[in-house]
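*Asks:*
Protein chains: 2
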Amino acid sequence: MDKKRSDCPISCSLDVFGDKWSLLIIRDIMLRSKVSYSEFLTSEERIASNILVNRLGVLEAENIVVKEISPANKSKFVYSLTQKGVDLLPIVIEIMDWGAKYNANCPRKELGKKIKKDKTAVIKDLSQLLKTKVR
Amino acid sequence: MDKKRSDCPISCSLDVFGDKWSLLIIRDIMLRSKVSYSEFLTSEERIASNILVNRLGVLEAENIVVKEISPANKSKFVYSLTQKGVDLLPIVIEIMDWGAKYNANCPRKELGKKIKKDKTAVIKDLSQLLKTKVR
DNA sequence: AATTTGTTGTTGCAAATTGCAAGAACAAAT
DNA sequence: ATTTGTTCTTGCAATTTGCAACAACAAATT
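Protein chains in written order, with my numbering: chain V, 34 to 168; chain L, 34 to 168.
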């Protein structure tokens with residue numbers, strides 16, 4: 034890790050994922066079942082390949098994701114969440130809820146409606162599901 | 034607002050506060066009762082003055098904070114949260130909880146321990162309190 | 001065997017942002 | 001008249017980002 038700015042847990046967290054891209058990669062893994070570099074590259078926000086490599090490296094170094102050779106294709110890597118990564122779920126869900134609430138142009142889809150209805154249940158269920166895939 | 038990268042609510046949120054500083058300013062207002070430019074400047078993370086001006090401007094433009102002349106000192110400004118700003122509380126609390134959980138050097142203090150014990154209650158109580166100060 | 005395709009990167013470079021230091025504008029206090 | 005406090009600006013170097021092209025290498029195809 035780089036040097037941290039303070040001992041405040043919020044500041045320490047933002048030192049790790051306080052940027053415009055890291056949580057989108059986490060979102061892709063958590064909510065969209067994306068697992069590979071090429072899948073992350075094709076997300077609608079169009080992350081640049083050098084940024085993607087950099088962020089995946091940081092997330093791996095922080096033990097938020099794990100990089101492994103794909104069982105299905107040995108010339109491919111798959112990224113999975115660690116428990117530390119899964120524990121980002123409440124943050125992601127809260128950010129999603131806030132964004133949907135205050136952006137007319139971000140219509141709630143299935144998950145968004147579930148969140149509005151019962152956020153706690155969504156977090157509980159999803160974290161349960163993700164826990165079964167944890168690395 | 035600048036052009037957004039996609040219609041994903043997470044992406045839209047990160048377009049607004051996805052950086053290393055914005056949520057620390059929000060933290061200062063929400064959890065440390067800081068209200069003025071000079072108070073934000075003296076926080077331990079040492080934000081640069083030009084960045085602070087820029088972020089306050091963005092937060093104000095996004096209607097997350099409101100800038101008013103201080104009642105106590107007419108040559109001073111005070112920043113307060115709008116309801117949209119108060120609604121960032123769950124995000125801030127979750128980030129704080131995650132940061133404390135995964136950083137040995139971020140010891141939980143009073144609030145951190147309350148969060149660990151009953152996060153929901155903390156969010157409920159604090160948002161109730163903040164609501165009374167909303168602008 | 002040679003070629004194509006898919007996947008994960010790297011590299012070079014311009015643009016934008018950040019970090020740091022100094023100071024300016026202006027009102028209140030002394 | 002001077003000092004102090006507060007907010008904000010400016011200049012400049014360092015860093016990060018965004019974009020485009022290309023490289024390495026294995027699997028699949030011909």
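Glycine is no exception: its CB is placed at the ideal position from the N, C-alpha and C atoms.
Pair every Cβ in the stretch 36 to 48 of chain L with every Cβ in the stretch 130 to 142 of chain V, then say whether three or more of these pairs are closer than 8 angstroms.
*Replies:* Flag = yes, the stretch 36 to 48 of chain L and the stretch 130 to 142 of chain V touch.
*Asks:* Considering only their Cβ atoms, is the gap separating L47 (chain L) from V125 (chain L) smaller than 8 angstroms?
*Replies:* Their beta carbons are not under 8 angstroms apart, which means V125 (chain L) does not touch L47 (chain L) by this criterion.
*Asks:* Starting from the Cα of N106 (chain L), find the closest Cα among L:P123, L:V91, L:K157 and L:V68 and give me that residue.
*Replies:* When only C-alpha atoms are compared, the closest one is L:V68.
*Asks:* What does L114 (chain L) pair with, by DSSP beta-bridge criteria?
*Replies:* Paired residue(s): L:V98.
*Asks:* Between which two residues does the alpha helix (DSSP H) carrying K147 (chain L) extend?
*Replies:* Per DSSP, K147 (chain L) belongs to the alpha helix (DSSP H) from E143 to K164.
*Asks:* Can you find a heavy atom of the ligand COA that lies under 7 angstroms from the Cβ of T75 (chain L)?
*Replies:* Of the ligands one can find in the structure shown there are none, so the ligand COA has no counterpart to examine.
*Asks:* Secondary structure at K107 (chain V), three-state DSSP: helix, strand or coil?
*Replies:* Here K107 (chain V) sits in coil by DSSP.
*Asks:* Using 8 angstroms for Cβ pairs, my map puts I148 (chain L) next to P123 (chain L). What's the rounded Cβ distance?
*Replies:* Not a contact, Cβ separation roughly 11 angstroms.
*Asks:* Between the stretch 144 to 157 of chain L and chain V, which residues of the former have CB atoms less than 8 angstroms from a CB of the latter, in chain order?
*Replies:* From the stretch 144 to 157 of chain L, only G145 and T153 have a Cβ closer than 8 angstroms to chain V.
*Asks:* With G132 (chain V) as the anchor, note down where its alpha helix (DSSP H) starts and where it stops.
*Replies:* Taken as a continuous stretch (DSSP letters only), the alpha helix (DSSP H) holding G132 (chain V) covers L122 to Y135.
*Asks:* Determine the chain V residues that contact V125 (chain L) at a beta-carbon separation under 7 angstroms, and present them in chain order.
*Replies:* Those within 7 angstroms of V125 (chain L) in chain V are I43.
*Asks:* Where do the N-terminal and C-terminal ends of the alpha helix (DSSP H) with I58 (chain L) fall, by residue?
*Replies:* Segment S55 to R65, the alpha helix (DSSP H) holding I58 (chain L).
*Asks:* With distances taken from CA atoms, which of V:S82, V:N96 and V:R141 is nearest R168 (chain V)?
*Replies:* Per the Cα distances, V:N96.
*Asks:* Cα separation between L74 (chain V) and K37 (chain V)?
*Replies:* Cα to Cα, the separation comes out at about 29 angstroms.
*Asks:* Among the candidates L:R65, L:L64 and L:V49, whose CA atom is the shortest distance from the CA of L89 (chain L)?
*Replies:* Looking at the Cα atoms, L:V49 is the closest of the given residues.
*Asks:* Should L162 (chain L) be flagged as near chain V, meaning a C-beta pair shorter than 8 angstroms?
*Replies:* Not closer than 8 angstroms to any Cβ of chain V, the Cβ of L162 (chain L) fails to qualify, so no.
*Asks:* Is the CB-CB distance between V98 (chain V) and L85 (chain V) below 8 angstroms?
*Replies:* No, the pair does not count as a contact, with Cβ atoms beyond the cut-off.
*Asks:* For D158 (chain V), does the count of other Cβ atoms within 10 angstroms reach 16, so buried, or fall short, so exposed?
*Replies:* Its Cβ having fewer than 16 others within 10 Å, D158 (chain V) is exposed.
*Asks:* By the 10 Å Cβ neighbour count, where 16 or more other Cβ atoms means buried, how is R60 (chain L) classified, buried or exposed?
*Replies:* Result: buried.
*Asks:* Looking at F110 (chain V) and K117 (chain V), is the spacing between their C-beta atoms short of 8 angstroms?
*Replies:* Against a cut-off of 8 angstroms, the Cβ pair of F110 (chain V) and K117 (chain V) comes out as no contact.
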